[in-house]
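Have a look at the structure below, then the notes.
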Amino acid sequence: MTHEMVKTAIQNAEEGGYQNVQFKLGEIEDLPIEDGTIDVIISNCVINLTPDKNIAYSEAFRVLKPGGRILVSDLVTHGEISEDLRRSFQAWSDCIAGAMEKQEYLDTITKAGFKDVEIMEAHYFTEPNMDIRLEGKILSIQVKAIK
Ligand SMILES: C[S@@+](CC[C@H](N)C(=O)[O-])C[C@H]1O[C@@H](n2cnc3c(N)ncnc32)[C@H](O)[C@@H]1O
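Take any residue in the sequence shown, count from 1 to its spot, add 71: that is its number in this note's numbering.
Structure (structure tokens):
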């Protein structure tokens, strides 16, 4: 994210009269948040972009209060995808290049310390110009888990 994005968010909150929100610029691998202070983390299509999902989920675990929870929407893969295809520009622009195998992804959340890891919803992801070889191999999932 950029300072400009945070500036716009602050401006929008002011215009909307929202007083119970705060915006912090940070990386998911190094959240600018104190240990054990957060009730809920929501995220949409961000964690799949980090090359190290172990660190991202460990950070999420660190900042949550005991009993805190996550609800994450993300892209994961289902079946083999060639390295060639994964490295293509199309894969990067579709946010697929960093996507992890579904079970490995769920195991990463468990390894970070979370319990009750559960997929709430899953559907195949498709884009109008998506490479045909990716069809039926990318899943959009919503996962919840508890600290
Ligand atoms: C596909 S967009 C999703 C944005 C938003 N969550 C939404 O639903 O519209 C991905 C966002 O993740 C941010 N991002 C990518 N890698 C990140 C990282 N390591 N730490 C924090 N944000 C990151 C990008 O700046 C971008 O805003």
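Built from N, CA and C at the ideal position, the CB exists for glycine as well.
Since this is a predicted model, take the numbers as computed values, not measurements.
Per DSSP, cross-strand counterpart(s) of residue i
i, result
"Val111", "Arg140"
"Tyr195", "Leu210"
"Ser190", "Looking at the sequence provided, one finds Ile at residue 190 rather than Ser. Ile190 pairs with Val214."
Beta-carbon spacing of residue i, residue j below 8 Å
i, j, result
"Asp202", "Leu156", "yes"
"Pro103", "Lys218", "no"
"Leu142", "Lys215", "yes"
Closest Cα partner of residue i within the set the options
i, options, result
"Lys208", "Ala193, Val214, Lys215", "Ala193"
"Asn125", "Leu177, Glu206, Asp187, Ile109", "Leu177"
Simplified DSSP state of residue i, which is helix, strand or coil
i, result
"Asn76", "The sequence shown places Met at residue 76, rather than the Asn named in the question. Of the three classes helix, strand and coil, the one that applies to Met76 here is helix, per DSSP."
"Lys96", "Note that residue 96 is Leu in the sequence shown here, rather than Lys. Reduced to three states, the DSSP call for Leu96 is coil."
"Val117", "coil"
"Asp178", "helix"
"Asp155", "helix"
"Leu146", "strand"
Residue i to residue j span [Cα, whole Å]
i, j, result
"Ile190", "Gln213", "6 Å"
"Gln93", "Asn83", "12 Å"
"Ser159", "Asp187", "35 Å"
"Asp101", "Thr108", "15 Å"
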